[in-house]
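**Student:** Following this message is one structure expressed as structure tokens.
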Amino acid sequence: MKITAMNLYIVAPRWLFLEIETDKGITGWGEPVIEGRASVVKAAVEDLSGYLIGKDPMPIEDHWQAMYRGGFYRGGPELMSAIAGIDEALWDIKGKYYNAPVYDLLGGKCRDRIKIYSWIGGDRPADVAEGARRLYETGCTAVKLNGTEEMHYVDSFEKVLKVSENIAAVRAALGYKMDIGVDFHGRVHKSMAKVLARELDQYHLMFIEEPVLSQNNEALREIAAHTATPIATGERMFSRWDFKNLLIDGYADIIQPDLSHAGGISEVKKILSMAEAFDVAGAPHCPLGPIALAACVQVDACTPNVFIQEQSLGIHYNQGSDLLDYLADKEVFRFKDGFIDVPKGPGLGIAINKEKVIEAAKTGHNWKNPIWRNYDGTVAEW
Ligand SMILES: [Mg+2]
498 MKITAMNLYI
508 VAPRWLFLEI
518 ETDKGITGWG
528 EPVIEGRASV
538 VKAAVEDLSG
548 YLIGKDPMPI
558 EDHWQAMYRG
568 GFYRGGPELM
578 SAIAGIDEAL
588 WDIKGKYYNA
598 PVYDLLGGKC
608 RDRIKIYSWI
618 GGDRPADVAE
628 GARRLYETGC
638 TAVKLNGTEE
648 MHYVDSFEKV
658 LKVSENIAAV
668 RAALGYKMDI
678 GVDFHGRVHK
688 SMAKVLAREL
698 DQYHLMFIEE
708 PVLSQNNEAL
718 REIAAHTATP
728 IATGERMFSR
738 WDFKNLLIDG
748 YADIIQPDLS
758 HAGGISEVKK
768 ILSMAEAFDV
778 AGAPHCPLGP
788 IALAACVQVD
798 ACTPNVFIQE
808 QSLGIHYNQG
818 SDLLDYLADK
828 EVFRFKDGFI
838 DVPKGPGLGI
848 AINKEKVIEA
858 AKTGHNWKNP
868 IWRNYDGTVA
878 EW
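Numbering-wise (the numbering used here), the sequence shown opens with residue 498 and increments by one.
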């Protein structure tokens, strides 16, 4: 079998899809994207395609090594997302070739179903209790919301209280029937992160996420000293080498590698296995599209330390298109009582509606995250 073509589609709301074609008629899909840099990742995939076209798609590990180690310069979000999407598509091809789900080729499933969580609200949370209640009525028992708006290095305690009031409202509505994750989104600096973490401790959260930017992970030591809440991070870390010191330092309780950012199925399976040896849980990051989620579910199915999966159905980013829109069979991601069943289909276990993808790619998108500023005009983290 030989790779004959690598087709790229920039599609709404903010995604990039890759289809790898072969001379045997088997095609594989991947989602190589970094939110806000779809065109850059597209260029990176095109650059790597010169190496891959004409080659056998089956030796995935060797292709991964060639794409990663074969470049003198390596790593970072755009290149690792390009490798990730290619890796996903190659696993899809391999699974279809052997008529087996990817998780069967990775050792077989170790669970019957996968717990998922949903998002509430936007960046400026309001009516979160109502949002949580609506989700609870659908069977969902875990939610995540963004904590704060922009936050300066040292900022008003009023902003901390506003987060606290939002979480208190969810607790008042649903008690402890709903698990809550609060995403600090790397918006908070160390000085306020410890204040916020300590304030939220009273709500016994499922986790706090990216309490600081992952470039500032050494600050987790001090934050961990101020809270008993599990600390999650890792959506902006891209390889085993990025994760190793975090695991050695021991201040993270949950890692959140992104299947479409951190080198794909091959790499995230290894990252999560490293974490298992440090007694650290996994909760793969996935506010992305259906191919990225399908890749997550394949890894979740065969990875025991994953305890929950993020997914983007109805997320505030999905304007103009949602998680299920490009799937031929939308049943594969039917959520039942807050869980997804382990899928049975070969490869990634999904069928893409290619006509819909081609049509959407005619319009494409140019999604960028907003640039926020603090009260004094300085640029804030979004
Ligand atoms: Mg996050």
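For each residue, glycine too, the CB sits at the ideal point set by N, CA and C.
1) Here's the rule I'm using: 16 or more other beta-carbon atoms within 10 Å means buried, otherwise exposed. How should T730 be labelled?
2) Please report the straight-line C-alpha distance between D620 and Y814, rounded to a whole angstrom.
3) So if DSSP puts E706 in a beta bridge, which residue, or which two residues, is it bridged to?
4) When you measure from the CB of D739 to every non-hydrogen atom of ligand 1, does any distance come out below 7 Å?
5) According to DSSP, which residues form a beta bridge with K521?
6) How close, in whole Å, do the beta carbons of I500 and L549 come, if the pair is a contact with beta carbons under 8 Å?
7) Buried or exposed for K833, please, with buried defined as at least 16 other CB atoms from any protein chain shown within 10 angstroms of its CB.
8) Under a Cβ-count criterion, where at least 16 other Cβ atoms within 10 Å of its own Cβ denotes burial, should G605 be classed as buried or exposed?
9) For S757, which of helix, strand or coil comes out of DSSP?
10) With H, G and I counted as helix, E and B as strand and the rest as coil, what does DSSP make of Q806?
11) Is P787 near L821, with beta carbons less than 8 Å apart?
12) By a C-beta neighbour count over all protein chains shown, 10 Å radius and 16 as the cutoff for buried, is D776 buried or exposed?
13) In whole angstroms, what is the alpha-carbon distance linking K582 and W526?
14) Could you tell me whether the Cβ of S546 comes closer than 8 Å to any Cβ of chain D?
15) What is the residue span of the beta strand (DSSP E) that R610 lies within?
16) Taking the alpha-carbon of F804 as reference, which of V542, K552, R610 and A541 has the nearest alpha-carbon?
17) I'd like the ranges of any alpha helix (DSSP H) spanning at least 4 consecutive residues and lying wholly in the segment 548-629.
18) Would you identify the three-state DSSP class for S546, choosing helix, strand or coil?
19) Roughly how many angstroms separate the alpha carbons of G670 and A629, rounded to a whole number?
**Tutor:** So, from the data block:
1) Taking the first residue of the sequence shown as 1, we reach residue 730 at position 233. T730 is buried by the Cβ-count criterion.
2) As a working note, residue 620 is residue 123 in the sequence shown. As a working note, residue 814 is residue 317 in the sequence shown. Per-residue confidence for D620 stands at a pLDDT of 49, beneath the threshold of 50, marking its modelled position as unreliable; the derived number appears in the next sentence. One C-alpha to the other measures close to 10 Å.
3) Looking up residue 706 in the sequence shown gives position 209. Looking at the DSSP assignment, E706 forms a beta bridge with D680 and A729.
4) One-based indexing of the sequence shown puts residue 739 at position 242. No, the Cβ of D739 stays beyond 7 Å of every heavy atom of ligand 1.
5) Translated into the one-based positions of the sequence shown, residue 521 becomes position 24. According to DSSP, which records beta bridges pairwise, K521 is partnered with nothing at all.
6) Sequence index remark: in the sequence shown, residue 500 carries index 3 (1-based). Sequence index remark: in the sequence shown, residue 549 carries index 52 (1-based). At roughly 5 Å, the Cβ-Cβ gap stays under 8 Å, so I500 and L549 are in contact.
7) As a working mapping, residue 833 is identified with position 336 in the sequence shown. K833 should be labelled exposed.
8) Numbered from its first residue, the sequence shown carries residue 605 at position 108. Flag for G605 reads exposed.
9) Position 260 of the sequence shown, counted from the first residue, corresponds to residue 757. Looking at S757 - three-state DSSP - the assignment turns out to be coil, as it is neither helix nor strand.
10) Residue mapping note: residue 806 aligns to position 309 of the sequence shown, counting from 1. Residue state, collapsed to three classes: strand.
11) Looking up residue 787 in the sequence shown gives position 290. Looking up residue 821 in the sequence shown gives position 324. It is a contact, given that the beta carbons lie within the stated cut-off.
12) Here residue 776 corresponds to residue number 279 of the sequence shown, with the count starting at 1. Label assigned to D776: exposed.
13) Translated into the one-based positions of the sequence shown, residue 582 becomes position 85. Translated into the one-based positions of the sequence shown, residue 526 becomes position 29. For the sequence presented, residue 582 should be read as Gly rather than Lys. In a straight line, the C-alpha of G582 is about 8 Å away from that of W526.
14) As a matter of chain content, chain D is missing from the structure shown, which is built from one protein chain.
15) Position 113 of the sequence shown, counted from the start, is the residue given in the question as residue 610. Looking at the DSSP string, the run of the beta strand (DSSP E) that includes R610 is R610 to W616.
16) One-based indexing of the sequence shown puts residue 804 at position 307. Cα-wise, what sits closest to F804 is R610.
17) 557-566, 574-595 and 599-602
18) Taking the first residue of the sequence shown as 1, we reach residue 546 at position 49. Residue state, collapsed to three classes: helix.
19) Numbered from 1 along the sequence shown, position 173 holds the residue referred to as residue 670. Numbered from 1 along the sequence shown, position 132 holds the residue referred to as residue 629. Note that residue 670 corresponds to Ala in the displayed sequence, not to Gly. Rounded to whole angstroms, A670 to A629 spans 8 Å at the Cα level.
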